[in-house]
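This note's numbering puts the first residue of the sequence shown at 16, with every later residue one more than the last.
Glycine residues also receive a C-beta, built at the ideal position from the N, C-alpha and C atoms.
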Amino acid sequence: MSTTDGADASLRTPTSARNPGDEPAAVPADRRTASSSAGAGEGRPELSQSTTRLADGRTLHYYGVLPEPAADRRELPAVSTSSQMRHDPILDEWVVMASHRQSRTFLPPTDQCPLCPSTPQRQTEIPASSYDVAVFENRFPSLSTGAVAPPADPRLVAPFEPARAGSGRCEVVCITSDHQASFADLSPEHARLVIDVWAERTAAIGAIPEVEQVFCFENRGVEIGVTLGHPHGQIYGYPFLTPRSSQMLASARRYRAEHDRDLFDDVVAAERADESRTVLESEHWYAFVPRAARWPVEVHLYPKQRHLDLPELSDAERDDLAVVYLELLQRLDRLYDAPLPYIAAWHQAPVRIERDLASLHLELFSIRRSADKLKYLAGSESGMGAFITDVLPEAVAERLRSLATPAGVDHG
């Protein structure tokens, strides 16, 4: 296949298989699901981590090379959330309302970044003087295990349902202490550490009783809406199945009933057979621009061996993913010779229901449609949910193939 010429050798070897408070340190046996127990691997070394508390009681985890213990000396009030969920009976969707987030930190100058390590002169959300990866509960969470149901509304009549507490979990994942870096700048070893953290937090958050779906994601760029410039991602634990996941599962359920086959497997097989939208292929992963891409730049990444969630990935698949993901991000930044704003969204199986219908994959997309133009969701997309795109997926895939890292050049 000519689609990987010039790429790193590891990307040229195709194969043909396809709480604000207390949280569980380990998932109890009676709460364990595939998302928390699979993929551990025989002999896999335990992920190096330590846990501490911030001044307001929130949990902070360090991963990788563990820093010297440091106390959070800030005087912080207790975290207070007003999150509630209201049901839209017409769309049959839950909407989270978190008015307390209006006061969250917004685009601070670099010397006031709350995600940089602390210094003797300034305390941040990270008390340590350096770190590899740090994960903590968001101080301004959309969802929280501490949320309480709003008072009953005596005016409420059918078809409206009572509002519910915005229960769940929102965590911030600081992928490096270097404020000027991005994910694409990480070494493969550091990227592998982040992947392990995603998997570990997926299992831990999935063990929270209120959580029905775990979502790991990264937003990059002010064009996307990022309010903190430090390289970071987030993990949400939703108390419901999100609309997009519900739609995917409905399609997979219908396809299985009609064809007795898996929809995701067949989509990947069809893309691999076509080849025109292939971006790259490695021993364990396959990346392509979807045939009906919605965004000007959009790449989907699937493991060749079908998995339900990140914890199921083997050591070999995680090592390979680190290299493949860095290669994808670096190609995106070469598109316009500038950092590309993007959203990286990991789709995982729900915690409990219809897990067998799902398939782990990454959807990576950008709103930039040219060097100086952005794709805005205008009337058709925002008003009707009908996407209109300005570029053909085959052209985007061809361009991304042409931007492969030359053989012999190290990632990171």
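How many angstroms separate the CA atom of residue i from the CA atom of residue j?
i	j	result
Gln249	Glu233	6 angstroms
Ser397	Glu238	17 angstroms
Arg116	Pro421	45 angstroms
Glu273	Ala373	17 angstroms
Leu201	Asp193	10 angstroms
Lys390	Thr404	8 angstroms
Pro305	Leu377	12 angstroms
Lys388	Val172	46 angstroms
Gly394	Thr120	30 angstroms
Pro430	Gln345	The shown model of the chain, from 16 to 427, leaves out residue 430, and the question about it has no answer.
Leu355	Arg383	7 angstroms
Arg271	Ala199	37 angstroms
Val406	Phe380	13 angstroms
Leu392	Gly400	9 angstroms
Glu290	Tyr301	11 angstroms
Leu439	Gln136	For the chain, the structure presents residues 16 to 427; residue 439 sits outside this window and is missing.
Pro39	Arg292	In this prediction, Pro39 scores a pLDDT of 43, lower than 50, which makes its location untrustworthy; the coordinate-derived value is nonetheless stated afterwards. The alpha-carbon atoms of Pro39 and Arg292 are separated by roughly 43 angstroms.
Leu418	Arg349	7 angstroms
Ile190	Ala219	18 angstroms
Asp126	Arg170	49 angstroms
Arg184	Ser159	5 angstroms
Ser385	Ala353	11 angstroms
Leu264	Ala85	45 angstroms
Leu347	His247	18 angstroms
Pro165	Glu413	52 angstroms
Arg89	Leu316	42 angstroms
Glu286	Arg370	24 angstroms
Val339	Leu295	8 angstroms
Ala41	Tyr351	Unreliable placement is indicated for Ala41, whose pLDDT of 37 sits below 50; the coordinate value is still reported in the next sentence. Those two C-alpha atoms are separated by around 44 angstroms.
Give the DSSP-derived three-state secondary structure of residue i in the structure shown.
i	result
Ala22	Residue placement at Ala22 cannot be trusted, given a pLDDT of 40 that sits under 50; what the coordinates show is reported in the next sentence. Note: Ala22 maps to coil in three-state DSSP.
Ala44	Because Ala44 carries a pLDDT of 31, less than 50, the predicted location of this residue cannot be relied on, and no value is offered for it.
Leu389	strand
Gly400	coil
Arg235	strand
Tyr340	helix
Phe380	strand
Phe198	helix
His274	helix
Gln228	strand
Ala412	helix
Gly240	coil
Ala307	coil
Arg154	coil
Ala265	helix
Pro123	coil
Pro132	strand
Arg321	coil
Arg116	helix
Are the beta-carbon atoms belonging to residue i and residue j less than 8 angstroms from one another?
i	j	result
Pro408	Ala308	yes
Cys128	His299	no
Leu243	Leu130	yes
Val226	Val366	yes
Val312	Val212	no
Asp335	Ser297	yes
Asp280	Arg333	no
Val110	Ser157	no
Leu375	His362	yes
Got a sec? Which residues, its chain only, sit under 8 angstroms from residue i by beta carbon, not counting five neighbours each side?
i	result
Glu83	Ala143 and Ser144
Asp168	Pro177 and Ala178
Thr139	Cys128, Pro129, Leu130, Cys131, Pro132 and Ser133
Ser63	Tyr78, Gly79, Val80 and Leu81
Pro43	Only weak support exists for where Pro43 lies, its pLDDT of 33 falling under 50; the value from the coordinates is given anyway. So the list reads Ala222, once near-sequence residues are dropped.
What residue does the alpha helix (DSSP H) around residue i start on, and which one ends it?
i	result
Trp109	Trp109 -> not in any alpha helix (DSSP H); beta strand (DSSP E) instead, spanning Glu108 to Met112.
Trp213	Pro203 to Gly221
Ala288	Leu278 to Asp289
Short of 7 angstroms in beta carbon distance, which residues of its chain neighbour residue i, apart from the five on each side in sequence? Order them along the chain.
i	result
Val241	Asn234 and Arg235
Val163	Ala180
Arg216	Val150, Glu186 and Ile250
Ala337	Pro203, Ala206, Arg207 and Ile210
Within a Cβ cutoff of 6 angstroms, which residues of the same chain sit near residue i, ignoring the five residues on either side of it in sequence?
i	result
Asp87	Leu69, Ala70 and Pro142
Ala267	Leu278 and Leu372
Thr66	His76
Val80	Asp147
Ala214	Leu325 and Pro326
Arg46	Because the pLDDT of Arg46 is 29, which lies under 50, any placement of that residue in the model is unreliable, and the number read from its coordinates should be weighed accordingly. The answer, listed in chain order, is Ala222.
Phe402	Arg309 and Glu396
Met100	Trp109, Val111, Arg179 and Gly181
Compare the C-beta of residue i against all C-beta atoms of chain C and say whether one is closer than 8 angstroms.
i	result
Arg88	Annotation note: the requested chain C is absent from the structure, which comprises a single protein chain.
Along the chain, where does the beta strand (DSSP E) that runs through residue i open and close?
i	result
Ile250	His247 to Tyr253
Arg2	This structure gives no information on residue 2, because the portion of the chain shown stretches from 16 to 427.
Pro356	No beta strand (DSSP E) contains Pro356, which DSSP labels as neither H nor E.
Pro318	Val312 to Pro318
His76	Thr74 to Tyr78
Thr293	Thr293 to Glu296
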